[in-house]
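Scroll down for the structure; my scribbles are underneath it.
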Ligand SMILES: Cc1cc2nc3c(=O)[nH]c(=O)nc-3n(C[C@H](O)[C@H](O)[C@H](O)COP(=O)(O)OP(=O)(O)OC[C@H]3O[C@@H](n4cnc5c(N)ncnc54)[C@H](O)[C@@H]3O)c2cc1C
């Protein structure tokens, strides 16, 4: 049942042979763990994925969430799957013992979660958002807020959401207009009344668990009733669907305005929500009750805590969807006889047919998928390990090491979110192609996987916005220190590869790294930000491809002298990536080096 979700052999290799998960055990934080406990968590997620989530994947697509005038309805099997996820303890897995967590490394948690995402990504969104919500509150909430709102989520009793987007404000959050009017101080923090409309809220309304904790971005008006301009005017509020018992226990003034009917990812109900519409009137008046988190004006900075975690989660989901589609395509290609190899017997019907996989062009498609899926998963796991390394350094009091890990992670966040979203989706597309006409029907899983994955380049900051973040902010931050740390990371791999048997791979990567450095420096010298960022998406593609080439070279080095089928497959895929994928970087970087203005100079009226 789970053999087509992910490859356990590859996961084992990536975790233990490549990223040395066991070396994390020497940190006090992870001392209670062992390889056995890591594997036990992964085993249980593999089982949960195969036994509970996968069986309702197609159902959750066919019977999308609906509103019957009273409540949001989801198929029973989906409700049970989300409850099983909540009960699994995974929401709190990486958190401290003290708050009911397992202190599991993020690396292992992500590896375990990959099974769930591959089985039914839509059902996984609930615990993923809940974990991010609770983690934000642990970092920025007051002790009373943690007690009242984070702990029930960590115990799997409630779910959480993030409410940033509004109908008129998606990428540009500085333009949100949800208002928060101060009411009074309470033990849960300063209490406000919120009014406004939020759009696209995943998990925004349902009754799967006991309560929903919305984390809402809103602006506090000044004395004249005007909303502050820009992102610094944005604050963050906890708005529970139902108020706590101490606060009256009533239904809060948050109402469902509508459900969005999506292309895929349908187990997750996606909502337009009205805050303060007056449908519910806590303590006799309209206005959604919300409690300020942190300081006024710090809302977006606090929310980034959740968004950065969520962005690694998006990359993981995209990689898992690409991975499972690749395994389905491989299985199909091995089992469907079709045609014969070119040559004298090519059209001779008396000769047996060959399976699809015997055709080189089908192997081309499978190799590309393997590169995207295993490379994408590797990128995500490498970033997850960085989160652990940062935390270990911080807890050991090594501020400098912690800061340097954090800088590298900040730099890679747009890449880890976007590369799998773009390229594992390309893998999903190829998986349909390998299935031929059957891939275009709903009888095979690959079309649904493609539709599910199509979301990932849109939410949590679109692809274009990630490109602007990378080139407009990340590569220049700390005087380029993060970018230099990245270059050193890739160079360390190149020097380990020197003189070994992978000179061709290393030379290909070294040339593109040097060019990326050169072009980055040139772009940073362009004063006009409009001109500099005009081709930021191409920069993101180039940066991503160089980074995944690094993943592939580093994985090949980790194979050591292994010469079995698995190792040969890895080497062949790495060779494919360096020969067929990495050269794309040249075209992107050439245009970026020219500061090409074709898109910039194009005029609206010329379309
Ligand atoms: C299924 C789904 C689930 C979601 N879940 C949530 C959620 O739980 N909580 C939440 O708050 N939001 C959620 N979102 C919202 C999501 O984050 C936004 O859709 C996204 O940020 C884009 O905003 P938009 O849809 O308004 O598109 P726009 O911002 O209008 O963007 C449209 C296009 O224009 C481009 N663009 C926009 N601005 C610029 C610019 N300055 N420079 C260059 N290009 C630009 C974008 O890259 C994009 O290609 C979800 C969305 C979907 C579809």
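Residue numbers (the working numbering): -8 to 598.
Glycine included, each C-beta is placed from N, C-alpha and C at the ideal position.
Computed from a prediction, not measured in an experiment: that's the story for all the values here.
query	result
Short Cβ contact (8 Å threshold) for residue 443 with residue 192	no
Inter-residue CB distance, residue 497 and residue 505 (contact presumed, cutoff 8 Å)	So it is not a contact: roughly 12 Å between Cβ atoms.
Beta-carbon contacts of residue 131 that lie in its chain and below 6 Å, excluding the five residues immediately before and after	284, 285 and 293
Which residues DSSP lists as bridging residue 177, in chain order	180
Residues near residue 533 in its chain [Cβ-Cβ closer than 6 Å; skip 5 each side]	576, 579 and 580
Cutoff 6 Å; reference residue 631; Cβ partners in own chain excluding five residues on either side	Outside the displayed range of the chain (-8 to 598) lies residue 631, so it cannot be described from this structure.
Exposure label - residue 307; buried when at least 16 CB within 10 Å	buried
Inter-residue CB distance, residue 148 and residue 201 (contact presumed, cutoff 8 Å)	5 Å
Rounded straight-line distance, which links the Cα of residue 232 to that of residue 204	6 Å
Proximity below 8 Å, CB of residue 305 to CB of residue 234	no
Length-filtered (4 minimum) alpha helix (DSSP H) runs lying within the region 96 to 135	97 to 131
contact_flag[the region 243 to 260, the region 158 to 174] where n(CB pairs < 8 Å) is 3 or more	no
Backbone CA spacing between residue 426 and residue 555 [nearest angstrom]	28 Å
Residue 451 beta carbon near ligand 1 (any heavy atom closer than 7 Å)	yes
Uninterrupted alpha helix (DSSP H) stretches inside the region 482 to 557 (no shorter than 4 residues)	494 to 515, 520 to 523 and 527 to 549
Contact under 8 Å by Cβ, residue 150 with residue 117	yes
Rounded straight-line distance, which links the Cα of residue 336 to that of residue 35	49 Å
Beta-bridge pairing of residue 262 - partner residues as DSSP gives them	192 and 250
With 16 other Cβ atoms within 10 Å as the buried cut-off, status of residue 543	buried
Segments assigned alpha helix (DSSP H), at least 4 residues, entirely inside the region 399 to 458	416 to 425 and 437 to 444
Start-to-end residues for the beta strand (DSSP E) that takes in residue 229	225 to 231
Per-residue burial, residue 267 [other beta carbons within 10 Å of its own, 16 or more giving buried]	buried
Residue 256: CB within 7 Å of a non-hydrogen atom of ligand 1	yes
Status (buried if at least 16 other CB within 10 Å, exposed otherwise) for residue 355	exposed
Within 8 Å, strictly: CB atoms of residue 98 and residue 372	yes
Inter-stretch contact at 8 Å, needing at least 3 Cβ pairs: the region 254 to 266 / the region 54 to 68	yes
Host beta strand (DSSP E) of residue 205 (start-end)	203 to 210
Whole-number beta carbon distance between residue 540 and residue 418, since they are thought to touch under 8 Å	Contact flag wrong, Cβ pair sits at about 16 Å.
Cβ-based neighbour list, residue 18, same chain, cut-off 6 Å, excluding 5 preceding and 5 following	383
Opening and closing residue of the beta strand (DSSP E) in which residue 282 lies	279 to 284
Buried or exposed (CB count within 10 angstroms, at least 16 for buried), residue 253	buried
Check: residue 281 C-beta below 7 Å from any heavy atom of ligand 1	no
Three-way DSSP call (helix, strand, coil) for residue 346 in this model	strand
Contact check, residue 29 vs residue 94, beta carbons under 8 Å	no
Span separating the alpha-carbon of residue 387 from that of residue 474	25 Å
Range of the contiguous alpha helix (DSSP H) that encloses residue 28	26 to 39
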